[in-house]
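Residues 4 to 693 (the numbering used here) are what the sequence shown spells out, left to right.
Even for Gly, the Cβ is constructed at its ideal location relative to N, Cα and C.
Here the structure is a predicted model, which is why all the values come from computation and not from measurement.
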Amino acid sequence: ESNLGRTRQRNERLKNLLEDFHDPRLDMRPSHIGNPEIIGNAYEHLIGKFANSAGKKSGEFYTPPEVNLLLARLLNPQSGEHICDPACGSGSLLIKCAMQVPDSNYWIRGQEINGATWALCMMNMYLRNINVTTQHIKWGDTLNDPQLLVDNQTLERFNVVVANPPFSLDRWGAENADKDRFGRFHRGVPPASKGDYAFITHLIETTYLDPTKNGRVGVIVPHGVLFRGGAEGRIRQQLIEENLLDAVIGLPANIFFGTGIPAAILIFKRNKIDDKVLFIDASREFEQGRIQNTLREIDINKILQTYHNRVDVDGYAHLAEKSEIQSNDYNLNIARYTFAYENPDEQIVVSTGPGQHDVFISYSHKDTNRKKEFVDELLQAGMRIWDDDAYTLNVGTPDWQIQIEKSIEAANCVVVLLSPDAKESIWVRRELMYAQTHHKPIFPVLVEGNEQTSVPLLLINAQHANLQAEYRKQLDDLIDTLKERVGIRKVRSPYIYDLTKQRPGWKQARLNALVDLLRPRQKIDKNNLKEKGDYPFYSPSGITGYSDTYEFEGEYLLVPGMISSGHERFTRNAWKSENKRFSASPEVWVLKPRDLISIDFLLFTLWVTDFRPFTDPSVGRKRVSLKDISIAVPPLDEQNLISEYIAEQMSVIEERQRQLELRLGILASSKIGIIHRMFYMQDLVSTDDE
């Protein structure tokens, strides 16, 4: 009633809604609107909106459309093929696969364990006009009660099998696997607490055995699947020895709803052209959002091109021989095969401009995505950018306006992104006028529209860069002009240079190649934090309380989101999670070390990382991008030895410090004792009367 009112009001609203839908302008029949996909697209959009607000539950029924598109294009279903998703959720991945087929000659099958999600899938099929003659979606438990059978006797087989199954499903039914009537687990039974390889095994066993039918599998998995040992390691080894694994593709962190952990795509094929495995590390190429990261079209195309070419790409892809995988003990950790160390002679570009910021970006907030792309280019060129995303001020408030004016004054120049929305923005006009008043050079950049629709009168005679034509050339020319204006120099950290040159086996690498950088997404009201509890909550100053819920589980490092050159070193401004389960504020970076670096070695390295070579001493403070920090990396066994030695020495020092503090306490008490004794030692006091 609080939303729709009482009965009479609800009836009135329903009547109005029905009348609105009866309006000819809302005739949504494909024959009327000319686009048969519009209803299905609208439905999928609504599911996506719901998933965005559903938290961890959203992973049960929804895969981001960009990932679905990538997987469908990797497997490339053809006319006449049978397609299956045995963990189909709302059906979006199946539909993406069907849409890759050039005609309507295909069959799709699916199974979903959750009844409500199964209903979502059936509605999705209906709205996409995929009728019962071409689709068959079953409700049931794929691992314990597969429903897609031939004569209820054998598993139905397919040309294409795709899935985004639940990550590391607990209690998946391992106790019944030995008695599986379909013999799916002949390579071994996965652990009872992790069902990843149970799904992988099922997917492979439902592809056609005949190589001429080109049976292939695409599955999304957590990274643990690539390197965990025990039963999983033995199954992984068997799949490689059978020459079924075709490719391992690492995806960026935080692109799936409900979890921030990175995932990978595994491609299996029955008719491989060789016995090699292609590794692709696409984890660092994406569009970063406030809550969710997204694969762009350019990222998807790069993955597809690399997959089809099957050649090495430095730091991105490697075609590994089976013998190479065997020498790595069948560990499929992507960094082992694709990692490219930096050249220690390579210099890092930094700004020497006199202002606090090199560039102030003026733009309409409707152009935020274009702004982010542009800012990334300038940051890579070594410029210091004032970015209002770093502030939590509300647009249009007095505090916001004051911060804008101060930042324009502190910048060396202003770049304005021109578009129809920017031309109409009162705030863009104010920023330009303020910049002119303070004699700041203004560089207009046309990102949408033309001179008539996008260029304000204030800049009508100014020369502008047009990023809509010859994007790369225009952008490079603009960056060169800005570099000349603000002053750019190159520096090299002597600390890293000396280590990598003088110590054999030591390499140089950037932090984002060694760890997964995760941003916390769970919203926790700081007012509800407790002084004691099970799950610590980290803010930029460390543990500030305890909560009843947690977002992360495992060993992580935590680093404040902004590193200031006001402190030349971290000085322990990084911590290892004290509890295996914890939460953190969005102002904290959560670092998950990859296979090439030990968590303790990284922690000690961050404690002593010197930022002076990257800091202009004439500038009080500036942001240093955490992902771009370069560190020296020795072999793993040497990392462990160094970490153990440091830990032992720190324990000795802490014990000496404890004893020293105890002695200082005794000395402090002695001061009071001397005063007390003074009043009782009469022989020390002489008088003239005696």
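Host alpha helix (DSSP H) of residue i (start-end)
i           : result
residue 518 : Careful: residue 518 lies outside any alpha helix (DSSP H), inside the beta strand (DSSP E) at 518 to 521.
residue 68  : 68 to 78
residue 235 : 233 to 244
residue 230 : 227 to 230
residue 472 : Neither: residue 472 is in no alpha helix (DSSP H) and is coded neither H nor E.
residue 670 : 639 to 681
residue 197 : Looking at the DSSP string, residue 197 is not in any alpha helix (DSSP H), and its letter there is neither H nor E.
Under 9 Å between C-beta atoms of residue i and residue j
i           : j           : result
residue 418 : residue 411 : no
residue 589 : residue 508 : no
residue 312 : residue 361 : no
residue 92  : residue 167 : yes
residue 126 : residue 98  : no
residue 546 : residue 540 : yes
residue 151 : residue 159 : yes
residue 460 : residue 468 : no
residue 280 : residue 206 : no
residue 542 : residue 533 : no
residue 585 : residue 538 : yes
residue 162 : residue 210 : yes
residue 301 : residue 381 : no
residue 606 : residue 670 : no
residue 370 : residue 424 : yes
residue 226 : residue 264 : yes
residue 74  : residue 310 : no
residue 421 : residue 378 : no
residue 592 : residue 521 : yes
residue 87  : residue 153 : no
residue 471 : residue 485 : no
residue 242 : residue 289 : no
Neighbour-count burial assignment, residue i, 16 or more Cβ in a 10 Å radius
i           : result
residue 566 : With a pLDDT of only 48 at residue 566, under 50, the local geometry of the prediction cannot be trusted, and no value is derived from it.
residue 256 : buried
residue 119 : exposed
residue 462 : buried
residue 218 : buried
residue 253 : buried
residue 1   : Look at the range of the chain in this structure, 4 to 693, and you will see that residue 1 is not part of it.
residue 20  : exposed
residue 15  : exposed
residue 222 : buried
residue 558 : exposed
residue 138 : buried
residue 680 : exposed
residue 654 : exposed
residue 326 : exposed
residue 212 : exposed
residue 71  : buried
residue 85  : buried
residue 193 : buried
residue 366 : buried
residue 144 : exposed
residue 611 : exposed
residue 608 : buried
Residue interval of the beta strand (DSSP E) (run including residue i)
i           : result
residue 282 : 280 to 284
residue 636 : 633 to 636
residue 550 : 545 to 550
residue 368 : No beta strand (DSSP E) contains residue 368, which DSSP labels as neither H nor E.
residue 541 : 538 to 542
residue 584 : 584 to 587
residue 112 : 110 to 115
residue 529 : Where residue 529 is concerned, there is no enclosing beta strand (DSSP E), given that its DSSP letter is neither H nor E.
residue 423 : That residue, residue 423, is in no beta strand (DSSP E); its alpha helix (DSSP H) goes 423 to 427.
residue 562 : 560 to 563
residue 510 : 510 to 513
residue 166 : 163 to 166
residue 87  : 85 to 88
Residue-chain proximity (residue i, chain B), Cβ-Cβ < 9 Å
i           : result
residue 578 : No chain B is part of this structure, which consists of one protein chain only.
Segment contact flag, the segment 176 to 196 with the segment 107 to 121, C-beta cutoff 8 Å, min 3 pairs: Pairwise C-beta distances place the segment 176 to 196 out of contact with the segment 107 to 121, as fewer than three of them are shorter than 8 Å.
Write down every uninterrupted run of the beta strand (DSSP E) in the segment 246 to 275 whose length is 3 residues or greater and which is fully enclosed by it, in chain order. Counting only runs of 3 or more, we get 248 to 253 and 266 to 272.
Looking at C-beta atoms only, is the number of pairs between the segment 661 to 681 and the segment 637 to 647 that lie closer than 8 Å three or more? The segment 661 to 681 and the segment 637 to 647 do not touch, with fewer than 3 CB-CB distances between them shorter than 8 Å.
Inter-stretch contact at 8 Å, needing at least 3 Cβ pairs: the segment 315 to 323 / the segment 282 to 291: Yes, since at least three Cβ pairs between the segment 315 to 323 and the segment 282 to 291 fall closer than 8 Å, the two stretches touch.
May I ask you to verify whether the segment 296 to 308 touches the segment 194 to 206, counting CB pairs closer than 8 Å and requiring at least 3? Because the criterion of three Cβ pairs below 8 Å is not met, the segment 296 to 308 and the segment 194 to 206 do not touch.
Per the contact definition of three or more C-beta pairs closer than 8 Å, is the segment 446 to 461 in contact with the segment 403 to 410? Touching, no.
Curious, which full-length alpha helix (DSSP H) runs of at least 4 residues does the segment 439 to 463 contain? Entirely contained in the segment 439 to 463, the alpha helix (DSSP H) runs reaching 4 residues are, in chain order, 454 to 457.
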